[in-house]
Amino acid sequence: MDFLELDSVTKEFPNRSGPPARIMDRVSLSVREGEFMAVLGPSGCGKSTLLQMAAGLLPVTSGEVRIAGRRVTAPPPEAVYVFQQYTRSLLPWRTVRDNVAFAVEHRIGRRRARDAAETQLGQVGLAGFGDHFPWQLSGGMQQRVAIARALAAEPAMLLMDEPFSAVDALTRLDLQALILDIWTQRKLTVMLVTHDVDEAIYLADRIAMLTQHPTGVSRMVEVGLPRPRDPITTREAPRFLELRHDLLDTLLARHV
Ligand SMILES: Nc1ncnc2c1ncn2[C@@H]1O[C@H](COP(=O)(O)OP(=O)(O)OP(=O)(O)O)[C@@H](O)[C@H]1O
Ligand SMILES: [Mg+2]
Numbered sequence: 488m489d490f491l492e493l494d495s496v497t498k499e500f501p502n503r504s505g506p507p508a509r510i511m512d513r514v515s516l517s518v519r520e521g522e523f524m525a526v527l528g529p530s531g532c533g534k535s536t537l538l539q540m541a542a543g544l545l546p547v548t549s550g551e552v553r554i555a556g557r558r559v560t561a562p563p564p565e566a567v568y569v570f571q572q573y574t575r576s577l578l579p580w581r582t583v584r585d586n587v588a589f590a591v592e593h594r595i596g597r598r599r600a601r602d603a604a605e606t607q608l609g610q611v612g613l614a615g616f617g618d619h620f621p622w623q624l625s626g627g628m629q630q631r632v633a634i635a636r637a638l639a640a641e642p643a644m645l646l647m648d649e650p651f652s653a654v655d656a657l658t659r660l661d662l663q664a665l666i667l668d669i670w671t672q673r674k675l676t677v678m679l680v681t682h683d684v685d686e687a688i689y690l691a692d693r694i695a696m697l698t699q700h701p702t703g704v705s706r707m708v709e710v711g712l713p714r715p716r717d718p719i720t721t722r723e724a725p726r727f728l729e730l731r732h733d734l735l736d737t738l739l740a741r742h743v
């Protein structure tokens, strides 16, 4: 069953000096329930715009977005959006625990939200850091807090916009492993935007490749690598290298 559906979605932004700029033209795309989809494309091609429309944070100009069969017009309860810039999404005056609790305290009250936050922090490897402030943690740890906060709402779907692009390479591998663990344990549906070919192949079941001006889906690629995946051996598998070559070729538009 399709969990997220983008049905002929067009997006225009107003343009001061002329007609509206159509940056996306009739894009149709669906993510199956429980699937891990990566969205890959060059800078400025419309990845964030696509994800924000999927999350109900940005209206579509025409077409329709559906989550769990219902039309999305505002952020739906089933899906949570994880921003690229954790430094901007965490509240610096709140402790780590209260940042995570923030996601649910309006629904379940402050005390229960704090208990829920402790559980989520444990899940992302941050047990014992609840009393710290975000700025006392490393970048990778802050992104873990942002992930814990997303999970606190117990979503069925995570929409992630380049969630690991602001951390160093080793931390990035750690966070990729964390997301794969969480996805497996909670049977989530994931749509993750990245410009990193290796990351897309390593994580995803399918990869949607976007083109530019206006944005469209140029290819939908089935990854077909076995799970569980391993940070070292999966990246050495012949299938991984073949896909990497193929996708880089498309991105660089190099046909030899
Ligand atoms: N609010 C806006 N008003 C006008 N144009 C916008 C707006 N937001 C995005 N755009 C334009 O839409 C296009 C797609 O932007 P978007 O941020 O979705 O790209 P992206 O693929 O996420 O890029 P990056 O990889 O750099 O994050 C760009 O040409 C951008 O200038
Ligand atoms: Mg972006």
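So the sequence shown is numbered by the working numbering: it starts at 488 and just counts up by one. Yeah, the Cβ is synthetic: ideal placement off N, Cα and C, and Gly gets one too.
**Prompt:** So what does DSSP say about F727, is it helix, strand or coil?
**Reply:** Here F727 sits in helix by DSSP.
**Message:** Is there a Cβ of chain D sitting closer than 8 Å to that of V632, yes or no?
**Reply:** Considering every chain present, this structure includes no chain D. It has just one protein chain.
**Prompt:** Is it the case that the Cβ atoms of K498 and M524 are separated by a distance below 8 Å?
**Reply:** The criterion of a C-beta distance shorter than 8 Å is not satisfied by K498 and M524.
**Message:** Are the CB atoms of S515 and L493 within a distance shorter than 8 Å?
**Reply:** For L493 and S515, yes; Cβs fall inside 8 Å.
**Prompt:** Exposed or buried, A740, counting other C-beta atoms within 10 Å across all chains shown (16 or more means buried)?
**Reply:** Classification of A740: exposed, given that the 10 Å Cβ count is below 16.
**Prompt:** In chain order, what are the residues with a CB under 6 Å from some non-hydrogen atom of ligand 1?
**Reply:** Those residues are F500, I510, G528, S530, G531, C532, G533, K534, S535, T536 and H682, given in chain order.
**Request:** To the nearest angstrom, report how far apart L675 and R519 are at their CA atoms.
**Result:** Linking L675 to R519 through their CA atoms gives a straight-line distance of about 10 Å.
**Residues sharing a beta bridge with K498, DSSP** = M511, per the DSSP bridge assignment.
**Request:** Please look up how many angstroms separate the CB atoms of M647 and V569, rounded, as I've assumed it's under 8 Å.
**Result:** Confirmed, about 4 Å.
**Prompt:** According to DSSP, is E641 helix, strand or coil?
**Reply:** E641 falls in the coil class under three-state DSSP.
**Asked** Which one of T548, S549 and D717 has the shortest CA to CA distance from L660?
**Response** Checking every option, the nearest Cα to that of L660 belongs to D717.
**Message:** D512 and P715 - do their beta-carbons sit closer together than 8 Å?
**Reply:** Using a Cβ distance threshold of 8 Å, P715 and D512 do not count as a contacting pair.
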